[in-house]
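Working notes, structure below.
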Amino acid sequence: MASLSPPEEEAAAAAASFHHRRSKRYSSSTTNGLAAESVPDKRHKISLPPSFISSSEIESEFSHHDPAFARINNGSFGSCPSSVIAAQRDWQLRFLRQPDRFFFDELKPNISASRAAIKRLINAEHDDEVSLVDNATTAAAIVLQQTAWAFREGRFDRGDAVVMLHYAFGSVKKSVEAYVSRSGGEVIEMQLPFPVNSAEEIVNRFRTGLALGKANGRKVRLALIDHVTSMPSVVIPIKELVKICREEGVDQVFVDAAHGIGCVDVDMKEIGADFYTSNLHKWFFAPPSVAFLYCKRSGAGGNLHHPVVSHEYGNGLAVESTWVGTRDYSAQLVVPSILEFVNRFEGGIDGIKKRNHESVIEMGEMLVKSWGTQLGCPPEMCPSMVMVGLPVCLGVSSETDAVRLRNLLRERFSIEIPTYFRAPGEGETDSITGYVRISYQVYNKPEEYHRLKDAINELVRDGFKCSSLTD
Amino acid sequence: MASLSPPEEAAASSYHHRRSKRYSSSTTNGVSAETVPDKRHKISLPPPPPSSSSSNFISLSEIEAEFSHHDPAFARINNGSFGCCPSSVVAVQRDWQLRFLRQPDRFFFDELKPNISASRAAIRRLINAEHEDEVSIVDNATTAAAIVLQQTAWAFREGRFDRGDAVVMLHYAFGSVKKSVEAYVSRSGGEVIEVQLPFPVISAEEIINRFRTGLELGKANGRRVRLALIDHVTSMPSVVIPIRELVKICREEGVDQVFVDAAHGIGCVDVDMKEIGADFYTSNLHKWFFAPPSVAFLYCRRSGGGNNLHHPVVSHEYGNGLAVESTWVGTRDYSAQLVVPSILEFVNRFEGGIDGIKKKNHESVVEMGEMLVKSWGTQLGCPPEMCASMVMVGLPVCLGVSSESDAVRLRNLLRERFCIEIPTYFRAPGEGETDSITGYVRISFQVYNKPEEYHRLRDAVNELVRDGFKCTSLTD
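Sequences listed follow chains A and B, in order.
UniProt numbering numbers the first residue of the first sequence as 1 and each following residue consecutively.
UniProt numbering numbers the first residue of the second sequence as 1 and each following residue consecutively.
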């Protein structure tokens, strides 16, 4: 595989690769998702300036998606274009063809190439800071296992605190239970408001939660903060929260950005956390599954180990992670191919992020207007996903209702979208209790959101109530 | 995907239309006569009865086709390291991968768990486990070791084991497992005792006696032995360990838990959980059971005391038992775990299924090994009955393998100059030994191998001998 070149060169290379394509530009305006087509002049085939990926090329890249579905849930499992899948298959076949030679000669240099590419993307200081792991769940286990050892080995005292958000992802909460609670740590969950009105709301609640964590002279050993919460989904102002943690003497800050790269701005030096993890398969077009775990060298993060111990034990987490026994490492090797793909879009990954954000807001506002509801947060606090309130008359009154409604949308309307139940607060009447989380990725089209709009409106017209649903 | 049908029916109905030579149990020259299929009868042939002895087994040309993605330039005599996967199983794996990519939510909610359960059920039957709860599917034996040893670490840390309690393992345990023992046992206060085994091996009794001695050392001064970690088939040097006997000895001697590392297990040796009697047993499926990389099972015997094993990658299923925890460790490509029924279809195209394959592999590797030692004037590393589908074959002494570096460089030479892929082993001479064999190769035999590959190895080494080659001449 070719060695990496800086992103600008990569963009030029991508453009040069596709200079011969005649296609409409993927316009930055998505008012109607279409831009005017132009007929190419073949005589000037070679001299035309480079053009970006077209809508039909995008369709082709995602033609393996089930065409029956309105797939408005990129946030859960992400997506992977055909060209990256093809690159992955090449890697898989190279291993199968002669696995020993692959192991001795090809694997490590190409994992290093992926790590180097990620280092540049996330503005880390050094390749050593970048470990490739299976997913954010694995990264959480790595960080929390270190915390458990610290309690068990007496570096932390029984009862020292770990603070996390109440809206942390379910699997991460389990990991905290499995490693922190079990080894004697105290877990403080911070309640955040939802719907959210401003970043200040979150900052203030966090300060309060941290003060509680430090109550009675307790040490806060770890703050575990989501960059983008999953359910309900909002962007957390983590730069500010990390600063507060430093001011308040929190030992380590671990940012869980499962929704990270390709979704929000991911600049390690700017964010300043000790540990930061993000999946690449959610918003960065990797096949399942690959994530990075960033560990600041100069930070307080010390003795991290991959739980699957193998030959590289003791050589640092990044190197340990390069070999965790015989595995299919192909998802880790396609990062250069992913860069080729994203650089076919105007503005590369940043352009994609920007347009996804604009589109999801546009679609979200279209929905709330039609349903008479509201978004779960201000537009500036969502990236490429947003919570959209469901009509109150649907009567979403429990998590079970929300799950069953989701199943109904899937089975009756072929719409894939996660639902969320927001319990009414004290004294609230007629508040919005049901939300959907819409995602927008490059393969999405407005008609999918219109289908959702119409499906809900149909249910409303039919006088549908969630209480009528059974499993 | 279809539910499982009894292996015989699946094999017969799938391939009733094939006319092909049998995969002969005779591998004298590795070749048997080809027959040309009669295409006119392709569709109209009735399926033969399952017990039919008619030639409906996979042919040599079909086997070649199944492994046509292997690099044809190479004599690939190292199935033991990374295994192999036939094209038909790779194709099924791709189907699974595409099903996820097509509509991942629906796949997650509707398809994933039932199909992992189907794989676990198939494995349970294959390994004669009592209950599916005992069968967890994990990435590889390395992961399984981490799971068992992490439990040991918690026991030390939580005071159930005393500082200094012992864990006994073989000196020839795999390198990554030794690191895992260091990372979890030593770090949490356990004492690690390594049992030295002889090599070359003369008999199973030798191993049993050494093990007894090692266990006594472990129990010295009233120390408790909390875990015995025993390989079913050691990696380097490779021999089959008499684990049934060793497990019995562990029970007699009051060892708390026995963990058998059978990275080379299913498809290589007989894997009967009830017969072996260990508390934990792990085996890779991608080494000798034709799975794509990578998948292994970890068997955990259900016991009255209960096992507090957890998958280290904690997710939503935490607390629901290891088998269920292992079904979801975050978003992953689980396709390698889903192809077990397809693997069974494949192996049942061979006469005798996986047992027939094991038997023929064993006979073939011994035959090839004896051919080599006869040509080189050396010896095997163990008696034929103590090897499965791999055997250590001594290299001519005159090559002068005098260190591990020599062995590695010789391996590289064989790969680069002769296109032969084979692992090498340096055996340091014992006290007072002169002119002993210090270099071995580990040959594997799997269904895609052919005698000519071993002839190439024979000839390459003989060429080196004729040229007066010495390992000292090698550099990196």
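Beta carbons: idealized from backbone N, C-alpha and C, even for Gly.
No experiment lies behind these values; they were computed from the predicted model shown.
Bridge partner(s) assigned by DSSP for residue i
| i | result |
| --- | --- |
| A:CYS382 | Answer is none; A:CYS382 lacks a bridge partner. |
| B:CYS300 | B:PHE280 |
| A:ASP256 | A:ASP226 and A:THR277 |
| B:ASP261 | B:ASP231 and B:THR282 |
| A:PHE292 | A:LEU132 and A:SER278 |
| A:GLU416 | A:ARG71 |
| B:GLY394 | B:TYR440 |
| B:MET236 | Looking at the DSSP assignment, B:MET236 forms no beta bridge with any residue, so it has no partner. |
| A:THR326 | A:THR326 pairs with nothing; no bridge assigned. |
| B:THR424 | B:VAL441 |
| A:ARG437 | A:MET387 |
9 Å Cβ cut-off: residues of chain A touching residue i
| i | result |
| --- | --- |
| B:ASN78 | PRO99 and ASP100 |
| B:GLN150 | GLN145 and PRO307 |
| B:ALA262 | Here the premise fails: no neighbours, minimum Cβ distance about 14 Å. |
Where residue i meets chain A, residues with beta-carbon distance less than 8 Å
| i | result |
| --- | --- |
| B:ASP139 | VAL308, VAL324, GLY325 and ARG327 |
| B:THR143 | VAL308, VAL324 and GLY325 |
Contact set between residue i and chain B, taken where Cβ atoms lie within less than 9 Å
| i | result |
| --- | --- |
| A:GLY170 | SER315 and HIS316 |
| A:ALA257 | Near A:ALA257 there are no residues of chain B at all, since even the closest Cβ is about 14 Å away, more than 9 Å. |
| A:LYS174 | VAL314, SER315, HIS316, GLU317, TYR318 and GLY319 |
Residue i: contacting residues in chain B (beta-carbon distance under 7 Å)
| i | result |
| --- | --- |
| A:PHE285 | Those within 7 Å of A:PHE285 in chain B number zero; the least Cβ separation is about 12 Å. |
Proximity to residue i [Cα-Cα], best of the options
| i | options | result |
| --- | --- | --- |
| B:SER294 | B:ALA173, B:ILE249 and B:VAL340 | B:VAL340 |
| B:ASP261 | B:GLU416, B:HIS232 and B:ILE354 | B:HIS232 |
| A:LEU405 | A:LEU107, A:TYR443, A:ILE438 and A:THR470 | A:THR470 |
| A:VAL264 | A:SER289, A:ASP251 and A:THR229 | A:THR229 |
| A:GLY364 | A:GLY78, A:VAL172, A:ILE438 and A:ASP462 | A:ILE438 |
| B:LEU229 | B:ASP256, B:ALA204, B:GLY222 and B:GLU206 | B:ASP256 |
| B:VAL192 | B:PRO383, B:ASN221 and B:VAL225 | B:VAL225 |
| B:PRO309 | B:GLU404, B:PHE259 and B:LEU170 | Before going further, note that residue 309 of chain B is Leu rather than Pro in the sequence given. Residue B:PHE259 is the option with its Cα nearest to B:LEU309. |
| A:PHE284 | A:ASN457, A:ASP350, A:LEU394 and A:MET164 | A:ASP350 |
| A:THR429 | A:SER310, A:CYS393 and A:ILE338 | A:CYS393 |
| B:PHE280 | B:LEU149, B:HIS286 and B:ALA118 | B:LEU149 |
| A:VAL436 | A:ILE456, A:VAL220 and A:ALA273 | A:ILE456 |
| B:PRO396 | B:GLU452, B:SER117, B:ALA263 and B:ASN462 | B:ASN462 |
| B:GLU245 | B:GLU275, B:THR234 and B:GLY267 | B:GLU275 |
| B:SER188 | B:ARG302, B:THR152, B:VAL195 and B:GLY265 | B:THR152 |
| A:GLU248 | A:GLU411, A:ILE72, A:GLY427 and A:LYS219 | A:LYS219 |
| A:ASP90 | B:LYS450, B:HIS69, B:VAL271 and B:SER389 | B:HIS69 |
CB contact check: residue i to chain C, cutoff 8 Å
| i | result |
| --- | --- |
| B:GLY265 | In the displayed structure, chain C is absent; the protein chains listed are A and B. |
Under 7 Å from the C-beta of residue i: neighbouring residues of chain A
| i | result |
| --- | --- |
| B:LEU217 | Those do not exist, as B:LEU217 stays about 25 Å from chain A at its closest Cβ, beyond 7 Å. |
| B:HIS171 | Within chain A, no residue comes near B:HIS171; the closest Cβ sits about 17 Å away, beyond 7 Å. |
Proximal residues of chain B, C-beta to C-beta of residue i below 8 Å
| i | result |
| --- | --- |
| A:SER289 | GLY330, THR331, ARG332 and ASP333 |
| A:SER341 | The sequence given here places Phe at residue 341 of chain A; Ser does not occur at that position. Those do not exist, as A:PHE341 stays about 15 Å from chain B at its closest Cβ, beyond 8 Å. |
For the structure I just gave you, are there three or more beta carbon pairs, one from the stretch 247-256 of chain A and one from the stretch 97-105 of chain A, closer than 8 Å?
no
Within 8 Å, do at least three Cβ pairs link the stretch 356-371 of chain B to the stretch 427-435 of chain B?
no
Using a Cβ-Cβ cut-off of less than 9 Å, list which residues of the stretch 315-334 of chain B approach chain A; keep chain order.
SER315, HIS316, GLU317, TYR318, GLY319, TRP328, VAL329, GLY330, THR331, ARG332, ASP333 and TYR334
Spell out a yes or no on whether the stretch 319-339 of chain B and the stretch 91-98 of chain B are touching, meaning 3 or more CB-CB pairs, one atom from each, closer than 8 Å.
yes
Three CB pairs or more closer than 8 Å across the stretch 216-233 of chain A and the stretch 368-375 of chain A
no
Counting only Cβ-Cβ distances shorter than 7 Å, please list the residues of the stretch 425-452 of chain B near chain A, keeping chain order.
none
Would the stretch 234-253 of chain A and the stretch 78-91 of chain A be scored as touching if the rule is three or more Cβ pairs under 8 Å?
no
Across the stretch 123-130 of chain A and the stretch 293-312 of chain A, are there enough close Cβ pairs to call them in contact, namely three or more that are closer than 8 Å?
yes
Could you please tell me which residues of the stretch 448-463 of chain A, in chain order, have their CB closer than 9 Å to any CB of chain B?
none
Between the stretch 101-117 of chain B and chain A, which residues of the former have CB atoms less than 9 Å from a CB of the latter, in chain order?
LEU101, ARG102, GLN103, PRO104, ASP105, ARG106, PHE107, PHE108 and PHE109
Spell out a yes or no on whether the stretch 74-88 of chain B and the stretch 280-300 of chain B are touching, meaning 3 or more CB-CB pairs, one atom from each, closer than 8 Å.
yes
Contacting positions in the stretch 177-197 of chain A - beta carbon closer than 9 Å to chain B
GLU177, ALA178, TYR179, ARG182 and SER183
Got a sec: which bits of the stretch 57-84 of chain A sit with their beta carbon under 7 Å from any beta carbon on chain B, in order along the chain?
HIS64, HIS65, ASP66, PHE69, ASN73, SER76, PHE77 and CYS80
Output, in sequence order along the chain, the residues in the stretch 271-293 of chain B whose CB is closer than 9 Å to any CB in chain A.
ASN284, HIS286, LYS287, PRO292 and PRO293
Between the stretch 150-170 of chain A and the stretch 336-351 of chain A, are three or more C-beta pairs nearer than 8 Å?
no
Does the stretch 310-320 of chain B come close enough to the stretch 371-379 of chain B that 3 or more CB-CB pairs lie under 8 Å?
no
Contact between the stretch 150-162 of chain B and the stretch 208-222 of chain B is defined here as three or more beta-carbon pairs at a separation below 8 Å; is this criterion met?
no
Which residues, taken in chain order from the stretch 359-373 of chain B, show a beta carbon closer than 8 Å to some beta carbon of chain A?
none
Residues in the stretch 120-137 of chain A having any Cβ partner in chain B nearer than 8 Å:
ASP134, ASN135, ALA136 and THR137
Taking a cut of 7 Å between CB atoms, which residues from the stretch 248-259 of chain B lie near chain A?
none
At least 3 beta-carbon pairs within less than 8 Å: the stretch 173-186 of chain B vs the stretch 129-146 of chain B:
yes
Short-range partners of chain B found in the stretch 196-223 of chain A, where Cβ spacing is below 8 Å
none
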